[in-house]
Structure formats: structure tokens, C-alpha cells
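Asker: Please find one structure pasted underneath; my questions will follow.
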Amino acid sequence: MSYKLHLCLSLHLNEPCVLFFFQKKSNTSEAQEKCIVRLVLYHVCVNLPVMLVSYPTFRFMGLRSSLPLPHWSVIISQIIFYFILEDFVFYWGHRTLHTKWLYKHVHSIHHEYATPFGLTSEYAHPAEILFLGFATVVGPALTGPHLFTLWLWMILRVLETVEAHSGYHFPWSPSNFLPLYGGADFHDYHHRVLYTKSGNYASTFVYMDWLFGTDKGYRKLKAVEEVEGKNY
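Sequential numbering of the sequence shown, starting at 1, is according to the UniProt record's numbering.
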């Protein structure tokens with residue numbers, strides 16, 4: 001069921017309105033088809049086996065599915081913890097993938113799309129899927145949550161990564177309301193710039209890039225755009 005939930009979210013959260021599309025270039029239909037075919041293969045050959053193998057570990061760590069559900073405060077506190085931990089682990093893992101050898105042999109596959117769209121969020125080398133996927137599962141593995149909390153975390157995580165790769169900026173995008181939230185524009189910059197200078201490595205929030213100065217190029221660009229906008 002967890003696998004089906006993940007698969008359905010990944011494939012169906014990609015029907016947004018063109019009105020909010022901000023990328024200057026679009027991918028060809030052939031490029032999109034290539035992404036879809038490889039994504040289906042990844043889900044069947046990588047994600048499904050990993051979920052089957054990891055289930056006993058989650059059960060051992062305390063995962064349960066029986067009623068009653070945890071108190072809402074427990075669910076919220078665990079989700080917040082997962083986001084913070086995932087951002088920290090993902091940042092360093094992603095930054096490591098931008099070293100010369102790992103980028104050339106592993107991470108460059110994900111960067112085949114300079115103008116990403118929602119489905120490219122999981123378009124990557126199998127080794128990268130396992131490597132960065134650890135950031136998503138380490139929190140639940142440590143805390144042994146209720147299955148409802150795990151599913152909620154999966155939903156929020158897929159929503160976030162699809163939105164970040166979508167090329168769309170909606171009026172209801174979290175980046176409009178959460179000051180530290182990255183969003184689509186933040187991650188789109190990461191795909192547009194040369195891998196040695198891209199920065200913006202964090203998955204959800206921007207504080208890790210700010211702390212370690214890996215968002216300087218992006219902030220400089222935003223400052224220039226703001227000045228040009230005022231002078232227009």
C-alpha cells in the first residue's frame with residue numbers, strides 16, 4: 001500500500017495550470033517520454049524492492065498500524081522532526097553528489113533536464129535514489145511511527161519534491177507563506193547553473209544553504225532581478 005501511495009502521488013501530481021509556469025524553455029515530448037519510461041522502471045526495479053526489504057526494519061523499530069491513531073501533537077512533532085533531519089542529511093548527501101567524480105558518474109543523470117518538470121524529481125541514477133532516499137526514511141526508521149504518520153510524511157515529501165521540480169509558482173505555493181521554504185524557483189536555479197557553481201542543495205528549506213553560503217549565487221540573482229523590476 002505504501003508503494004502504491006508513493007507511485008500514484010509521483011505520477012498524478014503533474015497536472016498543474018500553465019498560467020503559473022515560469023520556465024523559459026520546455027522539454028520536448030521525447031524527453032518527457034524518456035523520463036516517464038525510466039521512472040516506471042525505477043519504481044518497479046528499485047523503489048518496490050527497497051520498500052519490501054525495509055518493512056521488517058520499520059516493524060522492528062516500532063512501526064504500527066493498529067488503532068487508536070497517535071495524538072495530533074505526536075504526529076506533528078514527528079513530521080517536523082522528519083523535515084529537519086531530512087533537510088540536514090539531504091543537504092550533505094546532495095552536496096557530495098556535486099563533487100566531480102560522483103557528479104559525472106551518478107548525479108549527472110538527474111541533471112539531464114536543465115528545465116525540470118514534476119516527474120524529474122525522481123529521475124536519477126539508482127545509486128542516487130538509494131543514497132538520497134536514506135534522508136527520507138532515516139527519521140521514520142529512528143522513531144517507529146504509526147503507519148498513518150509514515151504515509152502523511154510520504155505524501156508531504158512527494159508533494160514537496162514534485163513542486164520543487166515542477167517549474168510552476170502557484171499563489172498557494174508554500175514559499176509564499178514560509179520564509180525559509182525553497183520552492184520551485186529555488187531549485188530551478190540549481191538545475192540551470194553549472195554543477196560546480198549551482199548551490200541550493202537543500203531539499204525543502206533554505207537555512208542549510210544560507211548557513212554554509214551555498215546560495216550566494218541565487219541570492220545575488222534575486223537581488224539583481226529585484227532592482228531591475230523596480231527600474232522597469
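All C-beta atoms in this analysis are idealised placements derived from N, C-alpha and C, irrespective of residue type, glycine included.
#1: Does the separation of the CB atoms of Ala124 and His105 fall below 7 Å?
#2: Going by alpha carbons, who is nearest to Lys216 out of Lys197, Tyr113, Arg95 and Ser121?
#3: When you compare the CB positions of Ser166 and Gly118, do they come within less than 7 Å of one another, or not?
#4: Mind listing, in chain order, the continuous alpha helix (DSSP H) runs of no fewer than 4 residues lying wholly within the region 184 to 219?
#5: Taking the alpha-carbon positions, what's the Leu97 to His191 distance?
#6: Alpha carbon to alpha carbon, how far is Gly144 from Arg59? Give it in angstroms, no decimals.
#7: Could you tell me the distance, in whole angstroms, from the CA atom of Leu102 to the CA atom of Val224?
#8: Would you report the Cα separation of Trp210 and Pro174, rounded to the nearest angstrom?
#9: To the nearest angstrom, how far is the alpha carbon of Glu112 from that of Leu130?
#10: Compare the beta carbon distance of Leu180 and Phe205 with 7 Å and say whether it is the shorter of the two.
#11: State yes or no: is the C-beta of Gly139 within less than 7 Å of the C-beta of Tyr82?
#12: Are Pro126 and Val74 touching if we call contact CB-CB under 7 Å?
#13: So, Tyr218 versus Tyr195, is the Cβ gap smaller than 7 Å?
#14: Could you tell me if Phe157 is buried or exposed, where buried requires 16 or more neighbouring beta carbons within 10 angstroms of its beta carbon?
#15: Would you mind sorting Ser121 into buried or exposed? The rule is 16 or more other CB atoms within 10 Å of its CB.
#16: Quick one: grab the DSSP three-state call for Lys222.
#17: Are His94 and Tyr207 closer than 7 Å when you measure CB to CB?
#18: Would the beta-carbon of His187 fall within 7 Å of that of Ala164?
#19: Identify the residues that DSSP records as bridge partners of Arg64: which are they?
#20: Comparing alpha-carbon positions, which option in Val137, Val89, Val227 and Phe148 lies nearest Val53?
#21: Within 10 angstroms of its Cβ, does Trp153 collect 16 or more other Cβ (buried), or is it exposed?
#22: For Tyr181, list the residues DSSP reports as bridge partners.
#23: According to DSSP, is Thr161 part of a helix, a strand, or is it coil?
#24: Could you check if Leu135 is buried or exposed, using at least 16 other CB atoms within 10 Å of its CB as the buried criterion?
Answerer: Let's see:
#1: no
#2: Lys197
#3: yes
#4: 207 to 211
#5: 14 Å
#6: 7 Å
#7: 32 Å
#8: 18 Å
#9: 19 Å
#10: yes
#11: yes
#12: no
#13: no
#14: At residue 157 the sequence reads Arg, which differs from the Phe that was named. Looking at its Cβ environment, which holds 16 or more other Cβ atoms inside 10 Å, Arg157 is buried.
#15: buried
#16: helix
#17: no
#18: yes
#19: His146
#20: Val137
#21: buried
#22: Phe205
#23: helix
#24: The displayed chain sequence assigns Ala, not Leu, to residue 135. By the neighbour-count rule (16 or more Cβ atoms within 10 Å), Ala135 is buried.
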